[in-house]
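Here's the structure we're looking at; comments come further down.
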Amino acid sequence: MSQFRPSLEHVGLAARDSAALAQWYLRVLGTTVRWTNEATPPAFLLELPAGGIVEIYPAVEPAADAAPNGRQGLRHLALKVENLDEARNALEAAGVIFSEPVKPAGGGGRVQFFSDPEGNLLHLVERP
């Protein structure tokens with residue numbers, strides 16, 4: 000009998016402007032395009048430099064509001080980094096603004112939150 004052992008394949012982001020948001024992920028996070036449907040508006044599968052995929056596709060309706068991190072449901076995309084300080088400096092040089100200070104991470108390490116241009120919450124996580 001086979002064993003059910005799922006792993007995370009990708010995270011999907013429905014975007015107001017999928018092309019502009021994909022360009023931000025390409026420029027700021029160094030993703031590469033694995034696939035695009037070249038539709039108008041387009042959808043993308045973007046691969047992060049150290050693995051993992053972010054799918055960006057056109058939203059069919061706007062979000063009611065930007066949900067705070069404590070609200071029920073999927074709330075943030077955590078990006079594992081070897082050195083949080085170096086990663087923060089690189090992102091700041093690319094124009095990212097960090098709205099909160101570095102905090103302890105659940106399970107050990109440190110985290111620091113920021114948002115993409117459409118208000119999606121991301122954070123850097125450095126673990127020992």
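At position 119 of the sequence shown the residue is numbered 118 (numbering that gives the first Met the number 0), and the sequence of numbers has no breaks. Every residue gets a Cβ at the ideal spot worked out from N, C-alpha and C, and that includes glycine.
Residue i - DSSP class collapsed to helix/strand/coil
i	result
Q2	coil
A89	helix
A63	coil
S114	strand
R74	coil
L7	coil
V124	strand
L25	helix
A14	strand
L47	coil
Residue i, buried or exposed, once every other Cβ within 10 Å from all chains shown has been counted against 16
i	result
Q111	buried
W34	exposed
V32	exposed
T39	exposed
V80	buried
A42	buried
A14	buried
D115	buried
Anticipated Cβ contact below 8 Å, residue i with residue j, distance rounded
i	j	result
R126	G108	4 Å
A113	V95	Here residue 113 turns out to be Phe, not Ala, going by the sequence shown. Going by Cβ atoms, the distance from F113 to V95 rounds to 5 Å, so yes, they are a contact pair.
(message) Measuring CB atoms only, is the segment 44-55 touching the segment 10-20, in the sense that at least three cross pairs come out at less than 8 Å?
(response) yes
(message) Would you call the segment 83-100 in contact with the segment 37-48, where contact means no fewer than 3 C-beta pairs closer than 8 Å?
(response) no
(message) Three Cβ pairs or more, each shorter than 8 Å: is that satisfied between the segment 66-76 and the segment 117-125?
(response) yes
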